[in-house]
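Trainee: Sharing a structure here in structure tokens format.
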Amino acid sequence: GAGVSQSPSNKVTEKGKDVELRCDPISGHTALYWYRQRLGQGLEFLIYFQGNSAPDKSGLPSDRFSAERTGESVSTLTIQRTQQEDSAVYLCASSLEARPTDTQYFGPGTRLTVL
Amino acid sequence: KQEVTQIPAALSVPEGENLVLNCSFTDSAIYNLQWFRQDPGKGLTSLLLIQSSQREQTSGRLNASLDKSSGRSTLYIAASQPGDSATYLCAVRDDYKLSFGAGTTVTVRA
């Protein structure tokens with residue numbers, strides 16, 4: 737079956753522009769996670785969804801970042817007024833539910849470059 | 007806040023040599039620990055998952071140990087091959103989210 741997909745795979749934007757990153761989870765997975773990986777660093781947790789609700793948004797770095805999920809499926813991460821420090825690979829993962837025993841399956845990521 | 011550290015940051019070995027990758031974490035209240043492989047332009051591939059009650063997991067040439075009380079895990083890769091060249095990430099699970107180390111980039115020279 738299809739895995740987690742993300743689009744676009746690469747995005748180059750100018751400082752100050754808004755960007756939207758999309759994640760399509762594995763069908764039937766109720767939990768969805770967003771992580772960010774800056775160059776040379778580990779992945780940092782941004783936000784997760786259980787269904788369409790986001791119980792923990794604590795990892796979002798600033799109020800320029802927001803995310804939504806609809807129909808317990810697709811999720812969109814939006815970054816407003818992008819800054820150069822937003823340049824990173826944004827990874828999405830999904831799991832059956834958000835239980836500790838549920839394996840998270842990762843997508844290939846979106847590489848965002850802010851000029 | 008959970009901090010995960012991986013040593014070394016990079017490793018280069020000749021083909022056939024065994025690899026030893028280290029991971030440490032600061033908060034031992036974890037549900038499990040997972041080792042991932044990351045290839046350029048691709049997502050993360052899960053290699054091994056060790057539950058907090060387990061001491062080790064094995065899969066083929068890979069073996070991972072976990073000492074939860076001391077906050078350490080080690081990934082062993084036996085008889086390395088050029089195809090093992092990748093970045094290896096360690097992640098600990100506390101409730102719903104994973105906390106990752108920065109990774110060890112491995113190069114296996116033919």
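Chains as they are written, first to last, in the working numbering: chain A, 737 to 851; chain B, 7 to 116.
For each residue, glycine too, the CB sits at the ideal point set by N, CA and C.
1. Strictly by DSSP, which residues pair up with Val755 (chain A)?
2. If you measure beta-carbon to beta-carbon, which residues of the stretch 766 to 789 of chain A are closer than 9 Å to chain B?
3. Runs of 3 residues minimum, wholly inside the stretch 758 to 842 of chain A: which ones carry the beta strand (DSSP E) assignment?
4. At what residue ranges does the stretch 59 to 94 of chain B contain a whole run of the alpha helix (DSSP H), taking only runs of 4 or more?
5. To which residues does DSSP link Asp100 (chain B) through a beta bridge?
6. Just to confirm my understanding: we take Leu17 (chain B), look at its own chain, exclude 5 residues before and 5 after, and list those with CB closer than 8 Å. What are they?
7. In whole angstroms, what is the alpha-carbon distance linking Leu81 (chain B) and Lys753 (chain A)?
8. I need the straight-line Cα distance from Asp838 (chain A) to Ile13 (chain B), nearest angstrom please.
9. If you draw a straight line from the alpha carbon of Thr749 (chain A) to that of Val825 (chain A), how long is it in whole angstroms?
10. Considering only the beta carbon of each residue, do Ser823 (chain A) and Thr814 (chain A) sit closer than 9 Å?
11. Would you say Thr814 (chain A) reaches chain B, if we count a Cβ-Cβ gap shorter than 9 Å as a contact?
Mentor: So, from the data block:
1. Translated into positions along the first sequence, residue 755 (chain A) becomes position 19. Secondary-structure assignment with DSSP links Val755 (chain A) through a beta bridge to A:Ile815.
2. Of all residues in the stretch 766 to 789 of chain A, Ala767, Tyr769, Tyr771, Gln773, Gly776, Gln777, Gly778, Leu779, Glu780, Phe781, Tyr784, Gln786 have a Cβ within less than 9 Å of some Cβ in chain B.
3. Correct list: 767 to 773, 779 to 786, 789 to 792, 801 to 805, 811 to 815, 824 to 831.
4. Correct list: empty.
5. Position 94 of the second sequence, counted from the start, is the residue given in the question as residue 100 (chain B). Its beta-bridge partners are B:Lys103.
6. By one-based count along the second sequence, residue 17 (chain B) stands at place 11. Leu25, Leu27, Thr110, Thr111, Val112, Thr113, listed in sequence order.
7. In the second sequence, the residue the question calls residue 81 (chain B) occupies position 75. In the first sequence, the residue the question calls residue 753 (chain A) occupies position 17. In a straight line, the C-alpha of Leu81 (chain B) is about 42 Å away from that of Lys753 (chain A).
8. Against the first sequence, residue 838 (chain A) aligns to sequence position 102. Against the second sequence, residue 13 (chain B) aligns to sequence position 7. Counting only the Cα atoms, Ile13 (chain B) lies some 27 Å from Asp838 (chain A).
9. For this step, residue 749 (chain A) is matched to residue 13 along the first sequence. For this step, residue 825 (chain A) is matched to residue 89 along the first sequence. Taking the Cα positions, Thr749 (chain A) is about 14 Å away from Val825 (chain A).
10. Locating residue 823 (chain A) in the first sequence gives position 87, where the first residue counts as 1. Locating residue 814 (chain A) in the first sequence gives position 78, where the first residue counts as 1. No, they are not a contact pair.
11. Residue mapping note: residue 814 (chain A) aligns to position 78 of the first sequence, counting from 1. Residue contact with chain B for Thr814 (chain A): absent (no Cβ-Cβ distance below 9 Å to any residue of chain B).
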